[in-house]
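FYI, in the numbering used here the residues of the sequence shown are 28 to 255.
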Amino acid sequence: MIATNVDALVLAERHALPAPRLLGVDLDGRAGGVPASVETAVAGSSAWPARASADRLRAAGAAIARVHRIPRAPTDRLPVRPRPIAVDDFARERRLGRMPTTPLLARADALIQGIVATPGQAVFVHGDVWPGNMMWSGSTCRALIDWKTAGVGDPGVDLGELRKQVAFAGGQDAPRYVLEGWERASGIRATDVAYWDAVAALNTPTACDPPAHTAPRDEFLRRALARL
28 MIATNVDALV LAERHALPAP RLLGVDLDGR AGGVPASVET AVAGSSAWPA
78 RASADRLRAA GAAIARVHRI PRAPTDRLPV RPRPIAVDDF ARERRLGRMP
128 TTPLLARADA LIQGIVATPG QAVFVHGDVW PGNMMWSGST CRALIDWKTA
178 GVGDPGVDLG ELRKQVAFAG GQDAPRYVLE GWERASGIRA TDVAYWDAVA
228 ALNTPTACDP PAHTAPRDEF LRRALARL
């Protein structure tokens, strides 16, 4: 994950994306005894308003659209990401009986397993887009941070995750502003939005942490299923 973060930051700098810049890398641990990287601090705050404005939500969508402008073939360190935070697969854990499920989650997983998303251009994805990984100065997103699960995939990997995350704090109307911002910045219509929303919702523990997120997660998922 350290190596992934390093390669992601190298790519981000090459394309002038808003992200920290690498200062040093010690992947074999020769200098410090453990693998490590050092990066610049980014001015601003990752604090998120209890009710973010439509403009803030659109700006968040536009910020991840910049990442998705970069076509990219997968590599060992930036692999294909079929879902957000791809190191976790909570849907599979439930499928294998390693985690309890609910009728809603089981129905959604069965439906998603039977769907093949429309193939699109493989692009650079952040992999873990949520308000805590976005640094803000006023209404400007200064940087995306924490690239350790970055990779290559469909833009929906990031878009679905951010839409889910803003629904937790901002209510079920908030995701549409993220989509508006992304589409305006991209100049294209997003595809398979309901599918990627469901994928993001399914890659959460059955009981969310904090527990207050479980009900909005379920509602977000129900709305995605209704659009499939």
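Quick reminder that beta carbons are idealized off the backbone N, C-alpha and C, glycines included.
query                                                                                                          : result
4-residue-minimum alpha helix (DSSP H) runs that sit fully inside the stretch 178-226, ordered along the chain : 183-197, 201-213
F247 versus A225: straight-line alpha-carbon distance, rounded                                                 : 8 Å
Length of the line joining the Cα atoms of A135 and A227                                                       : 11 Å
As assigned by DSSP and simplified to three states, the class of G147                                          : coil
Segment limits, beta strand (DSSP E) that includes V65                                                         : 63-66
Contact between the stretch 161-174 and the stretch 35-54 (3+ Cβ pairs under 8 Å)                              : yes
Residue from I215, P237, R249 with nearest C-alpha to H95                                                      : I215
C-alpha gap between M126 and A74, whole angstroms                                                              : 32 Å
Cβ neighbour criterion (16 or more within 10 Å) applied to P243                                                : buried
Alpha-carbon to alpha-carbon, F195 and R41                                                                     : 33 Å
Alpha carbon of L38 to alpha carbon of A217, nearest angstrom                                                  : 24 Å
Assigned exposure category for R93 - 16 Cβ within 10 Å defines buried                                          : buried
Among R250, Y204, V33, nearest to L50 - alpha-carbon criterion                                                 : V33
Span separating the alpha-carbon of D245 from that of T231                                                     : 10 Å
C-beta contact flag for V220 and L229 at 9 Å                                                                   : no
Three or more C-beta pairs below 8 Å linking the stretch 115-126 and the stretch 65-79                         : no
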